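Enquirer: My structure is below; once you've seen it, I'll send some questions.
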Amino acid sequence: MSKSSLTVTDNRTGKTYEIPIEHGAIRANALKQIKTGPEDFGLVSYDPAFMNTAACKSQITYIDGDAGILRHRGYPIEELAEHSTYLEVAYLLVKGELPDNERFAMWKHNITVHTMVHENLKKFMDGFRYDAHPMGMLISTIGALSTFYPEANQIFDVENRRLQTRRLIGKVPTLAAFAYRRGLGYPYNYPDNDLSYTGNFLQMMYRMTERKYKPNPVLEKALDVLFILHADHEQNCSTNAMRSVASSQVDPYSAVASATAALYGPLHGGANEAVLRMLEEIGNKDNIPAYIKRVKDGEVRLMGFGHRVYKNYDPRAKIIKKLAHEVFEVTGNSKLIDIALELERIALQDDYFVSRKLYPNVDFYSGIIYQAMNIPTKMFPVMFAIPRTAGWCAHWAELVKDDDQKIARPRQLYLGADKRAYVPIDRRPKATVAETAVSEEL
Ligand code: CMC
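Set out below in structure tokens:
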């Protein structure tokens, strides 16, 4: 009869242990009992970058990377992108179910009333240098929100948590648009609550002297779909940052600021910006083979390709590729799309990419759409952070309610020096050239 357990023999001692398996996992703590003697702390698992470690149980997002499947609360991303709206998906992520009409109206109202930010936030924006990266401005001002809402640290009060979640989803687009306007030296536009979530965001970005801004409905819808596609993606780098920082029981603004910082990196949310720069550097379809050679020689990475989880076409990239054509009907074609399509075609025929299962990810086409919508390259990671706020808040709530969770604190394998006595500086031997080189590397 099959048993849900793992039997391990420690060849150092000859002892055998039985470790329970639950949900296809063993508890890493169960390894602690495997010791060579009383002095031994016990076996740990070594897993840099969490390649095979589940850090939580979650009911929010399901990904099957081999099959290219992404579902939120059970709903396939393709159906959500086709039939839903970003605000509805945000509700689904945070609350677990799709809303009925009444609940949705209440949710929309509750988010919309929080789109304004304190006037002092404008002074924070003004304090940045004229050429500051908008992602740096966003990280700082989200963190600054915690000083305006000190009660946000009451994280075990469910009503308080709900309020901060609504504030974050309402205010992050405003801060993002302010950061954009700051870079241009334009006055900040206040929210227009008659517009949709994405319509208002476009208004805060682009309204100039007109009394009432009318977003182009195709672009407003396209942005909404892009926001749906970026709303959550289970335990990625920024969500892990959110959970790890929030596990210290800090307020959610500080935790979302740290998640936004994690998203800034070029291997995560900064990838769409890096894709655009790469396509511009390639510049012409004729230059693609030479660029692919540089990738294969390990000189550069093909940005927008590859994923830790998807070893198949990222389902979001498929939807975005189709969306790009709808956007170009309004904005006119982008020369970069032709380079991107050709780059994808060549890469997917090349054994380097095929054998490593490297396919386009969500960032490969999103930057081209943003560029066609006149959104500057520096703003791309910001465009990712806005919708991901709902996902981060959903994970935060799940973490706070989870009795299994404690402050995140991984172990390490200490491989440094053994105990040694302190030597006063004038009695230390002069460092050799090689030792100096090593210490300067740090
Ligand atoms: N271009 C060229 N080679 C690549 C790439 C790439 N984009 N991605 C992975 N590889 C190679 C890598 O060199 C390695 O080859 P080898 O086995 O010969 O050493 C192999 O594929 C496995 O790569 P890895 O670095 O071990 O894979 P990872 O799971 O640690 O990295 C990744 C995942 C997304 C960081 C990586 O694929 C990458 O750097 N992609 C480009 C950046 C990018 O597009 N990031 C956006 C990710 S999607 C949005 C998000 O969720 O944040």
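When we follow the working numbering, the leftmost residue of the sequence shown carries the number 30, and every step to the right adds one.
A virtual CB, placed ideally from N, CA and C, is assigned to each residue, including glycine.
No experiment lies behind these values; they were computed from the predicted model shown.
(1) Report the rounded CA-to-CA distance for residue 262 versus residue 166, giving the unit in angstroms.
(2) Skipping 5 residues on each side, what residues in its chain have a beta carbon closer than 7 Å to that of residue 284?
(3) Any contact between the stretch 246-257 and the stretch 337-353? By contact I mean 3 or more CB pairs, one from each, below 8 Å.
(4) Is the closest heavy atom of ligand 1 to the C-beta of residue 385 under 6 Å?
(5) Going by the beta-carbon positions, is the gap between residue 332 and residue 291 smaller than 7 Å?
(6) Of all the alpha helix (DSSP H) runs that stay within the bounds of the stretch 85-136, which reach a length of 4 or more residues?
(7) Check the C-beta distance from residue 396 over to residue 302 and give it rounded, since I have them as a contact under 8 Å.
(8) Quick check: is any heavy atom of ligand 1 less than 6 Å from the C-beta of residue 334?
(9) So within the stretch 236-324, which uninterrupted alpha helix (DSSP H) runs reach at least 4 residues, ignoring any that extend past its ends?
(10) Alpha carbons only, please: which of 140, 61, 372 and 265 is nearest the one belonging to residue 294?
(11) Measure the C-alpha to C-alpha separation of residue 44 and residue 438 and round it to an integer number of angstroms.
(12) Residue 72 lies in the alpha helix (DSSP H); which residues open and close that run?
(13) Since I believe residue 49 is in contact with residue 33 (beta carbons under 8 Å), could you give me their beta-carbon distance rounded to a whole number of angstroms?
(14) Going by DSSP in three states, residue 465 sits in which element: helix, strand or coil?
(15) Using 8 Å as the cut-off, can you tell me whether the stretch 412-419 makes contact with the stretch 190-207, which would need three or more C-beta pairs spanning the two stretches below that distance?
(16) Counting only the same chain and skipping the five closest in sequence on each side, list residues whose C-beta sits under 6 Å from that of residue 141.
(17) Ligand 1 and residue 297: does the residue's C-beta get closer than 6 Å to at least one heavy atom of that ligand?
(18) Based on Cα-Cα distance, which residue from 72, 55 and 241 lies nearest to residue 42?
(19) Would you mind sorting residue 238 into buried or exposed? The rule is 16 or more other CB atoms within 10 Å of its CB.
(20) Would you call residue 436 buried or exposed, if buried means 16 or more other Cβ atoms sit within 10 Å of its Cβ?
(21) Taking the alpha-carbon of residue 354 as reference, which of 402, 123, 313 and 314 has the nearest alpha-carbon?
(22) Using only alpha-carbon positions, find the residue among 441, 377 and 175 that is nearest to residue 388.
(23) Can you name the residues that DSSP bridges to residue 39?
(24) Just tell me which of 60, 76, 112 and 460 has its CA closest to the CA of residue 250.
(25) Kindly indicate which three-state DSSP category residue 173 falls into: helix, strand or coil?
(26) CA-CA distance, residue 280 and residue 177?
(27) For residue 46 and residue 63, which I take to be in contact (beta-carbon distance under 8 Å), what is that distance rounded to the nearest angstrom?
(28) From this set, 340, 417 and 367, which residue's C-alpha is nearest residue 385's C-alpha?
(29) Under the criterion of a Cβ to heavy atom distance below 6 Å, does residue 265 qualify as lining ligand 1?
(30) With 7 Å set as the bound, which would you pick, yes or no: does the beta-carbon of residue 76 sit closer than that to a beta-carbon of chain C?
(31) With distance defined between alpha-carbon atoms, name the residue in 103, 105, 134 and 40 nearest to residue 117.
(32) Do residue 304 and residue 379 count as a contact pair if the criterion is CB distance below 7 Å?
(33) At 4 residues or longer, and completely inside the stretch 184-246: list those alpha helix (DSSP H) runs for me, N to C.
(34) From the DSSP output, in three-state form, read off residue 51 for me.
(35) With distances taken from CA atoms, which of 85, 103 and 84 is nearest residue 93?
(36) Let me check you understand the geometry: is the CB of residue 392 closer than 6 Å to at least one non-hydrogen atom of ligand 1?
Expert: Well, looking at it:
(1) Computed Cα separation, rounded: 24 Å.
(2) 271, 274, 275 and 425
(3) yes
(4) Flag set: Cβ of residue 385 near ligand 1.
(5) no
(6) 106-112 and 115-124
(7) 7 Å
(8) yes
(9) 246-258, 266-275, 281-293 and 300-311
(10) Per the Cα distances, 265.
(11) Going from the Cα of residue 44 to the Cα of residue 438 covers about 29 Å.
(12) In this chain, residue 72 is not harboured by any alpha helix (DSSP H), its DSSP state being neither H nor E.
(13) 7 Å
(14) helix
(15) yes
(16) 222
(17) yes
(18) 72
(19) exposed
(20) exposed
(21) From the listed residues 402, 123, 313 and 314, the smallest Cα separation to residue 354 is found for 402.
(22) 377
(23) 44
(24) 112
(25) In the three-state DSSP reduction, residue 173 falls in the helix class (H, G or I).
(26) 12 Å
(27) 6 Å
(28) 340
(29) Because some heavy atom of ligand 1 lies under 6 Å away, the Cβ of residue 265 counts as near it: yes.
(30) Judged by its chain identifiers, the structure shown contains no chain C, having just a single protein chain.
(31) In terms of CA proximity to residue 117, 134 leads the group 103, 105, 134 and 40.
(32) no
(33) 187-213 and 226-235
(34) Here residue 51 sits in strand by DSSP.
(35) 103
(36) Correct: residue 392 has its Cβ closer than 6 Å to ligand 1.
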